[in-house]
Structures are given as C-alpha cells and as structure tokens.
Amino acid sequence: MRTEADGGYSMEAAHMLAASLAVNPAVNAVPARSQMGSSLGFHIILACFGIAFAAVVMTAEWIGIKRGDAAAMLLARRWSKVMAVLVAVGAVSGTVLSYEMGLLWPGLMGRFGAAIGFPFSMEGIFFFLEAIFVGVYLYGWQRLPPWAHWWSGMPIVVFGILGALSVVAANSWMNSPAGFTLSHGKLTRVDPVSVFFNAATPYETTHMILAAYMVAGFLIAGVYAVGLLRGRRDRYHRLGFAIPFTIGGIAAPLQVIMGDIIARFIASNQPVKFAAMEYVAKTSRNVPEWLGGIFINGKVYFGAAIPSFDSILVGFSPHTRVIGWDSVPASQRPPLVTLIHLSFDLMVGIGFFLLALAAWQGWWWWFHRRLLVTPWFLVPCALSGVAAVAAMEAGWVVTEVGRQPWIVYKVLLVSNAVTPSGGVTVTLGMMLVLYAILTVVSIGVPMIMSRRWRRGTPADEETEQVPYGPSPSGAGATAGRPRAR
Amino acid sequence: MSPSADTTAVATILVVVIAAYALFGGADFGGGIWDLVAGGAERGARPRELIDESITPVWEANHVWLVFILVLLWTAFPPAFADIMTALFVPLSLSALGIVLRGVGFAFRHTAERLRMRQLTGALFAAASLITPFFMGTAVGAVVTGQVPVHPTGNALAAWTSPTALLTGFLFVAACAYISAIYLVAEARQRRHFELTRYFAVRATAAGVVTGALAGGTFAELSASAPHVYAGLTGRSLPLVAISIAAGIAVLVMLWVHWYHPVVLRATAAIAVATVVFGWGLAQYPYLFPDSLTLAAGSAPTATLIAELVVAGLAVLLVVPGFLLLYSLQQRHLLTETGTDADLRRAARLEPAVPGEPAAAPASPAARLTTALLLTFLALRAIKEVFRPRSCR
Numbered sequence: 173m174r175t176e177a178d179g180g181y182s183m184e185a186a187h188m189l190a191a192s193l194a195v196n197p198a199v200n201a202v203p204a205r206s207q208m209g210s211s212l213g214f215h216i217i218l219a220c221f222g223i224a225f226a227a228v229v230m231t232a233e234w235i236g237i238k239r240g241d242a243a244a245m246l247l248a249r250r251w252s253k254v255m256a257v258l259v260a261v262g263a264v265s266g267t268v269l270s271y272e273m274g275l276l277w278p279g280l281m282g283r284f285g286a287a288i289g290f291p292f293s294m295e296g297i298f299f300f301l302e303a304i305f306v307g308v309y310l311y312g313w314q315r316l317p318p319w320a321h322w323w324s325g326m327p328i329v330v331f332g333i334l335g336a337l338s339v340v341a342a343n344s345w346m347n348s349p350a351g352f353t354l355s356h357g358k359l360t361r362v363d364p365v366s367v368f369f370n371a372a373t374p375y376e377t378t379h380m381i382l383a384a385y386m387v388a389g390f391l392i393a394g395v396y397a398v399g400l401l402r403g404r405r406d407r408y409h410r411l412g413f414a415i416p417f418t419i420g421g422i423a424a425p426l427q428v429i430m431g432d433i434i435a436r437f438i439a440s441n442q443p444v445k446f447a448a449m450e451y452v453a454k455t456s457r458n459v460p461e462w463l464g465g466i467f468i469n470g471k472v473y474f475g476a477a478i479p480s481f482d483s484i485l486v487g488f489s490p491h492t493r494v495i496g497w498d499s500v501p502a503s504q505r506p507p508l509v510t511l512i513h514l515s516f517d518l519m520v521g522i523g524f525f526l527l528a529l530a531a532w533q534g535w536w537w538w539f540h541r542r543l544l545v546t547p548w549f550l551v552p553c554a555l556s557g558v559a560a561v562a563a564m565e566a567g568w569v570v571t572e573v574g575r576q577p578w579i580v581y582k583v584l585l586v587s588n589a590v591t592p593s594g595g596v597t598v599t600l601g602m603m604l605v606l607y608a609i610l611t612v613v614s615i616g617v618p619m620i621m622s623r624r625w626r627r628g629t630p631a632d633e634e635t636e637q638v639p640y641g642p643s644p645s646g647a648g649a650t651a652g653r654p655r656a657r
Numbered sequence: 581m582s583p584s585a586d587t588t589a590v591a592t593i594l595v596v597v598i599a600a601y602a603l604f605g606g607a608d609f610g611g612g613i614w615d616l617v618a619g620g621a622e623r624g625a626r627p628r629e630l631i632d633e634s635i636t637p638v639w640e641a642n643h644v645w646l647v648f649i650l651v652l653l654w655t656a657f658p659p660a661f662a663d664i665m666t667a668l669f670v671p672l673s674l675s676a677l678g679i680v681l682r683g684v685g686f687a688f689r690h691t692a693e694r695l696r697m698r699q700l701t702g703a704l705f706a707a708a709s710l711i712t713p714f715f716m717g718t719a720v721g722a723v724v725t726g727q728v729p730v731h732p733t734g735n736a737l738a739a740w741t742s743p744t745a746l747l748t749g750f751l752f753v754a755a756c757a758y759i760s761a762i763y764l765v766a767e768a769r770q771r772r773h774f775e776l777t778r779y780f781a782v783r784a785t786a787a788g789v790v791t792g793a794l795a796g797g798t799f800a801e802l803s804a805s806a807p808h809v810y811a812g813l814t815g816r817s818l819p820l821v822a823i824s825i826a827a828g829i830a831v832l833v834m835l836w837v838h839w840y841h842p843v844v845l846r847a848t849a850a851i852a853v854a855t856v857v858f859g860w861g862l863a864q865y866p867y868l869f870p871d872s873l874t875l876a877a878g879s880a881p882t883a884t885l886i887a888e889l890v891v892a893g894l895a896v897l898l899v900v901p902g903f904l905l906l907y908s909l910q911q912r913h914l915l916t917e918t919g920t921d922a923d924l925r926r927a928a929r930l931e932p933a934v935p936g937e938p939a940a941a942p943a944s945p946a947a948r949l950t951t952a953l954l955l956t957f958l959a960l961r962a963i964k965e966v967f968r969p970r971s972c973r
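Those protein sequence lines, which keep their order, are chains P and U. Using the numbering used here, the first residue of the first sequence is number 173, and each one after it goes up by one. Using the numbering used here, the first residue of the second sequence is number 581, and each one after it goes up by one.
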C-alpha cells in the first residue's frame, strides 16, 4: 500500500505496537471521544466563519466601493464586527481543543506528537496572522483609504484558507499516516513535508474549505432570507441575502463534484470506512447503492437499493469489485455502521438540496435578472444554513467514526491513545454545559447586535465595541501623537 | 548527556513563548482580577471601563501564545507533553475550563442589556481570571519540583497539591495582577485619567509587594522540594534573578515617587517578570522534568525540531510586520473623507426600497390541492417501498 511505502513502517510493526500497548481497558474511550467530538463539532462551525466569512465581507465591501453602494458598505461594516466576535469565540474553543489533544489523547501525542505537530504549528501561525489582520481590518475602517482597506482584508481570506489547510492536514494524516519511521514502537525519523502532504490531504482539505464556504454562505444568507420573508425587502436585505447566497451557491456544485471524487479515494484508501458508508458487508461485484436504511444482523431495513449503482460509482462499471468490511477481522471494523451510513446519506442529500436551491436561483437570475423572493424559495433558504451545518457535522461523523477503532489508521488504536487519568466523565459533563452556554453566546451576541442596529440610533452603532476593534471613546486613536496624513 | 543544539534552540523558543504568555496573557487575567475587586457597580464603574478598553482590542487573542506553548511542547517534546497532560489532568482541565468561562463572560458582558446580567457575566469573567492562572501555576510547580512521573498511569494528585505547587499557583495569580496593574497605570496615564492612575498605582504597589513576598516564599520552599532548580537559580541563573529583583524594586520606587513614564514603567515591570521565566528555564536546564527526563531524552527527531525552528522564523518574519501595521493604525487618526457608520446608515436608508418587484402571485387553491395530493401519494409510495425488508449483499 502506498502509505506504507511512504511512511516506511510495516503493518507488523503497527500490530506489534498495538498489541504491546494493550494495558488499559480504556474505560475512558467513550467519554473522551464524546468530549472531543462535541468540542470539535462546536468549534468547526465557528472555524467555518474564520475561514470563509472574510470572503463574504470583502465581496460586500468590493461592491460598496466599486458602485458607491452605501447598503453594501454598511453590510460589510456590520459583518466585520460579527466576524470579530465569532473569531474571538473561535479562539477560545480552539485553545480548549489544543488542551484536549493532550488531556484526552496523551497516547497519541506522546508517540506521534513529533509527526502530527508540524501541521498544527503551521495552523498556529496562520491563526495568529488571521487574528492580527482581523484587528487591522477593523481598525482600518475610516483610517485607510477605501481600496487600501479592501486589500488589508485580503490576508484574512488567505490565512483563513491556509490555516484550514494546515489543521485539516493533521486530520488527514490520521486517516492516511505518512512521513515517519517507527522502530520498536518509537518514532525515530520524521519527514514533516510528507506528514503535511499525505495522500488524503488534497481531498480532505478541499472538501473542508468548500464546506466552510457553504456553511458560512448559507447561514448568513439564511438570516437575510428571514428578513426578506418578514417583508424587509430593501436593498440592504436583498444584498445581505444575495452576496453570501452566491458564494455558497458557487461552492455547492464544486462540493458535489469533489464529494464524488473523494468517495472514490476513500474506497481505495480506507476501504473499510467506505464499506461502512455504503453498507458493503461482503467484498463483491454488482454492489447496490443503499439510500437510507438501518443495518441489523446482515439485513438492511427501511432502505431503498439502486442495483449495482455503488459499483458504478466506484469504478464506472457494474462489475467493479467493492471491498466489504469482511476484509478485516471484526475487531478492526468500525462500530455503528448505521450511524455512519445515515450520516453519509444525510450529507449527500443536503449537498444536493443546496445545489438545487442554488440552481433554482441561478435559473431565475439567468432569465429574469432578479432575485427570487417567493416564500417557496425563501423558506428553504432560511433553513439552508442549518442544513449546511448538519451536512458538515454528518461528514465529520462519517470520517471520524468511520476510522474506528483506529485513531491513526492501521497504526494506533483509540484505546491505546486515550488518557488513563480519572475524571474524563466529569470534564465531559462540564464541557457539555459550557459549550451549550458558548453556543448561546455565539448565536445570541450577533442577534443582540442586529437588534440594536435595527432599533438603535446611528450614534449607538458608532460607539459599539467589538473584540479586536478600536475602543469607542477613540482613546486608542488619540493616545499617540497626531500624525499628518 | 547534554542536548543537541537544535533541541536547546527549540527549548529556548519555548521559554520565550512562555514569557510572552506571562506578559500578555497574564495581563489579561490580571485585568479580570482587578475587575473582581473593583467594588460595587457604581464605585467600580470607571476602573472597569479602563480594564475593558485595554483588553477588548485583543480579546482572547493572547491565548495564541498558550496554543503555541502546547503545540511546541507536543511537537518538540512529545513524551513530556503526554506525561504532563496525564499526571496533571485535573489542574489543566480546570484551567481550560477557566478559559472557556472567561470567554463566555467577556462576550456577554458587552451585549448584555440588563445590569443583573452584566454583573453575573462580569463575575463569571472575573472568577475565571483567578482560576486559570492559579491552576496553571500549580501545574508549573509540579513540573519544577520533579513531581510529574515519567509514564504516569493516572492522575498525580500529590504532584500539584504540594506546598511548592500551591505557592506557585498563588504566585502566578499575584504576578498576573501585578503586571496588569502596571499596564493599567500606564494606560490611565496615557489617557490622562489622573485619578485612575493613582488608583492603579496603589494597587500595583500592593500587588508588587505581595508578588515579591510570594516569590521569596516559593524560592525558599524550592531549596527543599526542588534542589536542582534551586541550585540553578542560585548558580547559573543568579544574574537573571538579580535583574528581576532590581527591576521589581525599581518599579516600586517609580510608583513611590509618582514617576509614571508609560514606556519605562511597563518595560521595567515586564523585565521583572520575564527574567524570572528565563531564570527558571535556565535553572531547569538540561531537564524537562528535573532529575527524571532530560531535554535530550524527551526531544523529537531532528527533522521535526528543524521544522519547528523554520516555523518560528516564519512566524517572526510574518507576525512582526502584521503587528507593526496594526500598531501604526491604532496611532492613526480617522480619515474624514470616508463615511462613518452613521453616514452609511443614512445613505442606505435614503435609497428607496426597490420597487416593481411583483409579489409572487399566490398559487390557486386547485393547484395547491393537486400539489398536496401528489406529494402525499409519492410519500405513501416511498414509505411502502421502504418498509419492505431486503437482505444486504
């Protein structure tokens, strides 16, 4: 296998390592996985805004400058404030995640920290830069000439994408480990470049970056779809809907194509995960494609099968042989195949739903040059953001649960990576409560802000204080010596 | 066995990043502590406002330093990271919890509209500012005293509850309050709030004295509990310790004579804190865990260390210009030719709502009924199809 050649380690060594470490009954595995899953599942939504929000803001600003459009400009200003709040909350939840890497998975970090750490280091730098330029962008309003200010926001877009690339590269390394040598279970040689650019990196990173653009685009568009539905049909709300919807709508078809390519890659790179995604119990030809369905004792209930279609999707021919989960012993198969399969179906289904919405508006725009504002279109649009989030979460469930029981595919078992310390159930409980509050914060703060924008006076808006932004009293601006410009 | 040059270089960077977190993140925590003790809603309003204004621009971004510490530790010294995280699971979980609580409190207190809610979130923020540095301090104390075992099999409760560790926890809290009070003195001075300058000068003096006393106490405690580090601090780190003491006294003198030069005051206090961190790092050399795990034994393969050095170089190359740009913008006055938010609002509202959009004609009742019937029929067919169990191949 390719990864083995690249990694320079052998399967025997991996199994030896896995066997020699089986000291702990790993009672912590389930609570630790739950804690990691919930905090990651929360953070990833904020991360989407960190990655993609800047592009939405800058499109609005571009229209604002180019056409002298005050509504677009106002949108850009307000969005930049919301972006700052979300980046700040994301900084908090991201910090907690780096803690959890060690608190929950010392067995992974102690053994493979030297390999997986490099992409994380890159991510740290890119996030730092992103946060600095969010500050530059916020301070730059009214302090820089319009186009100079527009360009000062460009680094947020670039570093956002590079940061996503780095951190997802770390995850793809866990799916497709490469760039290291093990001897006697100890890491002796690391090739950071091969770690970063492992076989799965190009697929996973593209998938996630497109997903981020879809989540951010459709969620923001959804807010303004609600406004349009309530009868606020001014230019401000139309643009507020059209700009993010267009960005999400461009990402949607690319994502559907990319998803198809990635599924084929998984079929060859992680066949057992693919088998769980598609209910392939036995390695065979003419494999049907299951839509929905619950897998119980070798039978699929409540599912619809398209004959031979899975084989066609994998190899463009009904005779393509698809590897089933019978290819590995039961102990190496992922649990909860039904969850994996249904999550996969949900993700794909929502992907097509969002594609259809984008196509509908695209069609209307092509023939009528007008925004579609019927409730038939706007109600699904209002829900599109939530749907995009659900699709992304489902996708992470597929890739993470589908990799089980491995934390590093075919190299390290989850049960050997989990912490032996007591108290994981307690921290899980506390984290769940805190993240529920944090969710309220990240939804509540922008909502309160928008209510103030609608009801407050212009002066109130002028003195609004946001993270990374200038202080309202203008003290920051007047503290220094006056500078001639 | 002395560590290789690249190991030493990465370890040095780690200590520098820890010092940066102490100076920047520490000041944030300290701000929360002063917020906590500022008194009732009315009395504490003005100091709270100043604290708010000096923290908000970098809201929680200073945790980036902490992320760098964690990432550097797990990348360059993986076994040490795994052992610390396992043995010190409890205090580190609590400090992470504090970080989340702080974020929640801080985000909400700006948007919370009712006073009660503001007070509640403010208290949350302030309490979390105490928890986080305290438990981080106990964790550092556990490492310094060599109480973190190599390959721990679970929590090491005794490691972080030893007198030295607890003292270190209190020292961290005091140091955060100290550094923050100094910054706030300088900040108030720059804004010409003379009353607040005096307010924080008094508190900075008190915090300075307490921090000094706690540092002395911890130092005395180390002689028994951490002989290696104690020997280092009184040996090769002695010049750094001396600088720290001198700087600390210099700050107190400046406060005593009311000489609040913003730059000199801040720099001297920063030196007092940073030299202690450097002194600790140098005293502990060449150990990650004194007497049980050396830097050489705990370090990652060479290629990883080189990669980390490259990343650090890249960081300096990219982050410094970014910071300079941000700083220059902060000093710059508002341009008059670009509109304010208020101008934009006026302009956007003046624009009439786009007319002529024909309201979508509602579908006729017959069409609606047909659609509903069709959908019901399809749904029933689908359900019927689905409920037929089949075998999976």
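For every residue, glycine included, the Cβ atom is placed at its ideal position computed from N, Cα and C.
Q | Spatial distance of W313 (chain P) from A242 (chain P) (CA atoms) | A | Computed Cα separation, rounded: 14 angstroms.
Q | Three-state secondary structure (DSSP) of G403 (chain P) | A | G403 (chain P) falls in the coil class under three-state DSSP.
Q) So is H841 (chain U) in contact with chain P if we call contact Cβ pairs under 8 angstroms? A) No, H841 (chain U) does not count as interfacial toward chain P.
Q) M245 (chain P) to V387 (chain P), Cα distance in whole Å? A) Roughly 23 angstroms separates the two Cα atoms.
Q: Pull up the distance between the alpha-carbon of G285 (chain P) and that of T777 (chain U), whole angstroms please.
A: Taking the straight line from one Cα to the other gives about 47 angstroms.
Q) Going by the beta-carbon positions, is the gap between V644 (chain U) and G296 (chain P) smaller than 8 angstroms? A) Contact: yes.
Q.
On the DSSP bridge list, what partners appear for W462 (chain P)?
A. Note: W462 (chain P) sits in a beta bridge opposite P:A477.
Q. Along chain P, in chain order, which residues have C-beta atoms closer than 7 angstroms to that of I679 (chain U)?
A. Contact of I679 (chain U) with chain P by beta-carbon distance below 7 angstroms involves V264, T267 and V268.
**Q.** Residue burial classification, M621 (chain P) (beta-carbon count within 10 angstroms, cutoff 16)
**A.** Buried.
Q: Determine the extent of the alpha helix (DSSP H) in which V789 (chain U) is found, giving its start and end residues.
A: That run of the alpha helix (DSSP H) goes F774 to S805.
Q. In the structure shown, what three-state DSSP assignment does W313 (chain P) receive?
A. Three-state DSSP puts W313 (chain P) in coil, outside helix and strand.
**Q.** Residues near R783 (chain U) by beta carbon distance below 6 angstroms, same chain, minus five either side
**A.** For R783 (chain U), where only same-chain residues beyond five positions count, the Cβ hits under 6 angstroms are A761.
Q: Output, in chain order, the set of chain P residues within a Cβ distance shorter than 8 angstroms of P659 (chain U).
A: Neighbours of P659 (chain U) on chain P, chain order: G282.
Q) By DSSP, does I579 (chain P) sit in helix, in strand, or in coil? A) Of the three classes helix, strand and coil, the one that applies to I579 (chain P) here is strand, per DSSP.
Q) How would you call A194 (chain P), buried or exposed, if buried means at least 16 neighbouring beta carbons within 10 angstroms? A) Note on A194 (chain P): pLDDT 41, under 50, position unreliable in the model; no value is reported.
Q: Specify, as a first and last residue, the run of the alpha helix (DSSP H) that L514 (chain P) falls within.
A: Segment V509 to H540, the alpha helix (DSSP H) holding L514 (chain P).
Q) Quick one: is P197 (chain P) buried, meaning 16 or more other Cβ sit within 10 Å of its Cβ, or exposed? A) Unreliable placement is indicated for P197 (chain P), whose pLDDT of 45 sits below 50; the coordinate value is still reported in the next sentence. Label assigned to P197 (chain P): exposed.
Q.
Is P364 (chain P) close to chain U? Criterion is C-beta to C-beta, closer than 8 angstroms.
A. So, interface residue.
Q) Considering only the beta carbon of each residue, do V590 (chain P) and W277 (chain P) sit closer than 8 angstroms? A) Yes.
(Q) Distance check for G797 (chain U) and S338 (chain P), CA to CA, integer angstroms please. (A) S338 (chain P) and G797 (chain U): Cα-Cα distance of roughly 44 angstroms.
Q. Could one say the Cβ of Y311 (chain P) lies closer than 8 angstroms to chain U's Cβ atoms, at least one of them?
A. Closer than 8 angstroms to some Cβ of chain U, the Cβ of Y311 (chain P) qualifies, so yes.
Q.
Quick check on G289 (chain P): does DSSP put it in helix, strand or coil?
A. G289 (chain P) sits in a helix when the DSSP states are folded into three classes.
Q: Kindly identify the DSSP beta-bridge partner or partners of V362 (chain P).
A: P:F352.
(Q) Is it buried or exposed, P945 (chain U), if we count other Cβ atoms within 10 angstroms and call 16 or more buried? (A) So P945 (chain U) ends up on the exposed side.
Q) Hey, V728 (chain U) and A722 (chain U) are a contact pair by Cβ (cut 8 angstroms); roughly how many whole angstroms apart? A) Rounded, the Cβ-Cβ distance is 6 angstroms, consistent with contact.
Q: Compare the beta carbon distance of G702 (chain U) and D871 (chain U) with 8 angstroms and say whether it is the shorter of the two.
A: No. Outside cutoff.
Q: At 8 angstroms on the CB atoms, spell out the chain P contacts of F957 (chain U), in chain order.
A: For F957 (chain U), none of the residues of chain P pass the 8 angstroms Cβ criterion, the least Cβ distance being about 17 angstroms.
(Q) Taking 8 angstroms as the threshold (beta carbon to beta carbon), is S293 (chain P) in contact with chain U? (A) For S293 (chain P), the answer is yes, since a Cβ of chain U falls inside 8 angstroms of its Cβ.
Q) Counting along the chain, where does the beta strand (DSSP E) carrying L868 (chain U) start and finish? A) Its beta strand (DSSP E) spans residues Y867 to F869.
Q: Starting from the N-terminal side, write out each stretch of the alpha helix (DSSP H) that is 4 residues or longer and does not extend beyond the stretch 732–776 of chain U.
A: Taking 4 residues as the minimum length, the alpha helix (DSSP H) runs contained wholly in the stretch 732–776 of chain U are 737–740 and 743–770, in order along the chain.
Q.
Helix, strand or coil, according to DSSP, for T546 (chain P) in the structure here?
A. The three-state secondary structure of T546 (chain P), taken from DSSP, is coil.
**Q.** Through-space distance from L526 (chain P) to A959 (chain U), alpha-carbon basis
**A.** Going by the C-alpha atoms only, they are around 21 angstroms apart.
Q) If we call anything under 8 angstroms between Cβ atoms a contact, is I392 (chain P) one with P443 (chain P)? A) In this structure, P443 (chain P) does not lie closer than 8 angstroms to I392 (chain P) by Cβ.
Q: Identify the continuous alpha helix (DSSP H) that holds V339 (chain P) and give its terminal residues.
A: Looking at the DSSP string, the run of the alpha helix (DSSP H) that includes V339 (chain P) is P318 to N347.
Q. Smallest Cα separation from G412 (chain P): which of P:V228, P:V583 and P:N588?
A. Check the Cα spacing between G412 (chain P) and each of P:V228, P:V583 and P:N588: the tightest is with P:V228.
Q. Where L258 (chain P) and F331 (chain P) are concerned, what is the direct C-alpha to C-alpha distance, given to the nearest angstrom?
A. A straight line joining the alpha-carbon of L258 (chain P) with that of F331 (chain P) spans about 16 angstroms.
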